[in-house]
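K.L.:
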Amino acid sequence: MYLFAERLRRLHLETRLVRAGLVSDPRTGAISTPIYQTATFRHPGPEQSTGYDYSRTINPTREVLEKAMAELEGGARALACASGMAAIQLVSLLFAPGDHLVVSDDLYGGTYRFFQQVMVRYGLEIDYVDTTDIMAVERAVKATTGALFVETPTNPTMKVSDLRALASLARRFGLLLIVDNTFMTPYFQRPLELGADIVVHSATKYLGGHHDLVAGMVVTASPELGQRLADLHNCVGSILGPQDCWLLLRGLKTLAVRLAKSQENAAALAGWLHGHPRVQRVYYPGLESHPGHRLHFRQASGAGSVISFQVDDPGLVPRIISRLKMISYAESLGGVESLITYPATQTHGDLPEEVRERLGITSTLLRLAVGIENVADLIADLEQAMAGSEIGS
Ligand SMILES: Cc1ncc(COP(=O)(O)O)c(C=O)c1O
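Taking the working numbering, I'd label the letters of the sequence shown as residues 6 to 398.
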């Protein structure tokens with residue numbers, strides 16, 4: 006029924022993205038995957054099943070998306086979840102009270118909030134560690150450690166962790182390596198091929214790509230882990246509905262062209278920001294001055310299109326935000342429209358202030374999620390928003 010087998014693996018990624026779900030309906034030959042908007046399925050007879058019994062367990066539209074994502078990440082099994090946080094929650098259910106996790110200290114604020122406000126209450130012990138420092142990660146591992154959970158590059162200061170080194174450390178200590186691949190997507194980085202066990206995504210971002218849905222994905226390297234998570238997915242019910250699965254399948258088809266364009270824009274904008282007199286620091290792994298630049302390009306094929314930058318005065322932040330005409334002041338990233346975020350009060354508002362300061366998520370840090378507009382228009386918008394704001398003005 007599907008073309009997700011070996012034959013598909015031999016095609017280039019751009020082609021495989023476009024073909025996601027293309028031959029999912031042999032009966033009609035529909036080019037677009039049908040949306041099976043049904044909760045349940047009629048059984049042909051007593052003790053008989055079509056293979057589809059109830060949509061929490063399996064739904065044909067979700068199945069096409071899950072097979073496509075497993076194939077794209079180079080994994081065995083994928084599960085489509087109601088949000089990125091639902092995907093992270095699902096993976097966290099693998100652990101029991103008393104288990105210990107080593108987590109990147111610089112990561113999406115909502116993930117930190119979830120671990121601290123929810124999983125700690127359920128008895129997990131979490132240590133936040135600079136996962137760019139492999140020795141620090143090793144020092145943090147103890148007898149009860151069950152997994153390493155990392156983002157690379159991190160949100161928002163774009164720190165890069167060595168996935169191959171973390172995978173070999175995880176293997177040595179019998180831990181799972183879980184990677185949040187939201188910023189890179191399988192187009193730029195495939196952590197399972199570098200030795201990770203599980204990849205999670207906020208599919209709300211690049212995979213969807215249009216700021217019009219909230220979704221999450223989990224992909225596992227092994228079928229066994231995939232089955233354990235599929236059972237949990239069915240138990241807790243954090244599934245993605247068929248309409249949103251369809252939107253995500255549609256988003257995947259243009260992932261390569263969207264990312265190529267937004268990355269090209271981001272590279273130009275990062276260079277422009279780097280030379281701006283009011284900008285003190287630019288965090289973008291595509292810049293050679295970025296401390297993780299070389300490592301990043303050993304494990305990923307692109308730098309993506311999120312740029313964080315520090316201006317020289319906190320007073321400038323509200324002025325830039327209110328003067329921007331085209332770039333929207335909104336949380337999220339990865340869509341075709343460019344957005345600007347103030348991490349200290351938005352995405353990372355739930356981190357304690359001293360932690361934010363230590364990580365560089367200061368009152369002068371802005372995060373730009375670059376879209377696919379014409380780059381000259383983006384630069385012009387930022388230029389006019391930052392103009393007339395010389396020091397002291
Ligand atoms: C890196 C990362 N992981 C996970 C999430 C959570 O995803 P969602 O908002 O889809 O629940 C986000 C959201 O911004 C994110 O940036």
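Using N, Cα and C, we set each Cβ at its ideal position, and we do this for glycine too.
#1: Quickly, what does DSSP pair residue 205 with across the bridge? List them, please.
#2: For residue 361, list the residues DSSP reports as bridge partners.
#3: Any contact of the segment 233-243 with the segment 37-56, i.e. 3+ C-beta pairs under 8 Å?
#4: Tell me whether residue 45 sits in a helix, a strand or coil according to DSSP, three-state version.
#5: Alpha carbon to alpha carbon, how far is residue 62 from residue 266? Give it in angstroms, no decimals.
#6: Jot down the residue ranges of each uninterrupted alpha helix (DSSP H) in the segment 61-100, minimum 4 residues, whole runs only, in chain order.
#7: So, do the segment 198-212 and the segment 177-184 have three or more beta carbon pairs nearer to each other than 8 Å?
#8: Apply the 10 Å Cβ neighbour rule to residue 36 and answer buried if 16 or more other Cβ atoms are within range, or exposed otherwise.
#9: Determine which residues share a DSSP beta bridge with residue 345 and list them.
#10: Is residue 113 near ligand 1 - that is, is its Cβ less than 6 Å away from at least one heavy atom of it?
#11: Can you tell me the Cα-Cα spacing of residue 394 and residue 115, whole angstroms?
#12: Could you tell me how far apart the beta carbons of residue 254 and residue 332 are, in whole angstroms, since I believe they sit closer than 8 Å?
#13: Roughly how many angstroms separate the alpha carbons of residue 269 and residue 47, rounded to a whole number?
#14: For residue 277 and residue 243, what's the separation of their Cα atoms in angstroms?
#15: Report buried or exposed for residue 6, applying the criterion of at least 16 other Cβ atoms within 10 angstroms of its Cβ.
#16: Please report the straight-line C-alpha distance between residue 307 and residue 300, rounded to a whole angstrom.
#17: Considering only the alpha carbon of each residue, which of 313, 289, 365 lies closest to residue 302?
#18: Pairing CB atoms from the segment 88-99 with CB atoms from the segment 65-79, are three or more of them under 8 Å?
#19: Mind checking whether residue 136 and residue 105 have CB atoms under 7 Å apart?
#20: Measuring only from the beta carbon, is residue 90 closer than 6 Å to any heavy atom that is part of ligand 1?
#21: Using only the alpha-carbon positions, how far apart do residue 398 and residue 283 sit?
#22: What did DSSP end up calling residue 215 once you bin it into helix, strand or coil?
#23: Going by Cα to Cα distance, which pick from 298, 275, 329 is closest to residue 313?
#24: If you reduce the DSSP assignment to three classes, tell me which class residue 103 lands in.
#25: State the Cα-Cα distance for the pair residue 294 and residue 375, rounded to the nearest angstrom.
#26: Which residues does DSSP pair with residue 38 in a beta bridge?
#27: Are the segment 119-137 and the segment 154-167 touching by the rule of at least three beta carbon pairs closer than 8 Å?
#28: Is residue 396 buried or exposed, if buried means 16 or more other CB atoms sit within 10 Å of its CB?
#29: Can you tell me whether residue 187 sits near ligand 1, meaning its C-beta is under 6 Å from at least one heavy atom of the ligand?
#30: Is it true that the CB of residue 80 sits closer than 7 Å to the CB of residue 207?
#31: Can you have a look at residue 369 and say buried or exposed, based on whether 16 or more other CB atoms are within 10 angstroms of its CB?
#32: Take residue 319 and list the residues in its own chain whose beta-carbon comes closer than 7 Å to its own, dropping the five residues that flank it on each side.
#33: Ordered along the chain, which non-local residues of its own chain (more than five positions away) have a Cβ less than 6 Å from that of residue 273?
#34: Under the rule that 16 or more other beta-carbon atoms within 10 Å means buried, what is residue 194, buried or exposed?
#35: Along the chain, where does the alpha helix (DSSP H) that runs through residue 166 open and close?
#36: Near residue 317, what residues of its chain come up, given a Cβ to Cβ distance below 6 Å and the 5 sequence neighbours on each side ignored?
P.N.:
Concretely, from the data shown:
#1: DSSP lists 185, 223 as partners of residue 205.
#2: In the DSSP output, where bridge partners are listed per residue, residue 361 has none listed.
#3: At 8 Å Cβ cutoff, the stretches do not touch.
#4: When secondary structure is reduced to three states using DSSP, residue 45 falls in the strand class.
#5: A direct Cα-Cα distance of roughly 37 Å separates residue 266 from residue 62.
#6: The segment 61-100 contains these whole alpha helix (DSSP H) runs: 65-78, 89-97.
#7: The segment 198-212, when compared against the segment 177-184, does touch it at the 8 Å Cβ threshold.
#8: Result: exposed.
#9: In the DSSP assignment, residue 345 is bridged to 334, 373.
#10: Relative to ligand 1, residue 113 has its C-beta within less than 6 Å of a heavy atom.
#11: Note on residue 394: pLDDT 49, under 50, position unreliable in the model; the coordinate value appears next. One C-alpha to the other measures close to 33 Å.
#12: At roughly 28 Å, the Cβ-Cβ gap does not stay under 8 Å, so residue 254 and residue 332 are not in contact.
#13: Going from the Cα of residue 269 to the Cα of residue 47 covers about 50 Å.
#14: So the two alpha carbons sit approximately 42 Å from each other.
#15: Here the model assigns residue 6 a pLDDT of 41, short of 50, so the residue's position is not dependable and the matter cannot be decided.
#16: C-alpha separation (whole angstroms): 12 Å.
#17: Comparing Cα positions, the closest option is 289.
#18: Taking a cut-off of 8 Å on C-beta distances, the segment 88-99 does not touch the segment 65-79, as fewer than three cross pairs fall below it.
#19: In this structure, residue 105 does not lie closer than 7 Å to residue 136 by Cβ.
#20: Correct: residue 90 has its Cβ closer than 6 Å to ligand 1.
#21: With a pLDDT of only 37 at residue 398, under 50, the local geometry of the prediction cannot be trusted, and no value is derived from it.
#22: Coil.
#23: Here the closest residue by C-alpha is 275.
#24: In the displayed model, residue 103 falls within coil according to three-state DSSP, outside both helix and strand.
#25: C-alpha separation (whole angstroms): 20 Å.
#26: Residue 38 is not bridged to any residue.
#27: Under the 8 Å Cβ criterion, the segment 119-137 counts as touching the segment 154-167, having at least three qualifying pairs.
#28: With a pLDDT of 42 at residue 396, under the threshold of 50, the predicted position of this residue should be treated as unreliable, and no value is reported.
#29: Yes; taking the cut-off as 6 Å, the Cβ of residue 187 has a heavy atom of ligand 1 nearer than that.
#30: Not a contact, by the Cβ cut-off of 7 Å.
#31: Buried is the call here.
#32: Counting only residues of its own chain and dropping the five nearest sequence neighbours on each side, residue 319 has a CB closer than 7 Å to the CB of 368, 369.
#33: Closer than 6 Å at Cβ, skipping near neighbours: 380.
#34: Under this definition residue 194 is a buried residue.
#35: That residue, residue 166, is in no alpha helix (DSSP H); it is neither H nor E in DSSP.
#36: Result list for residue 317: 283, 285, in chain order.
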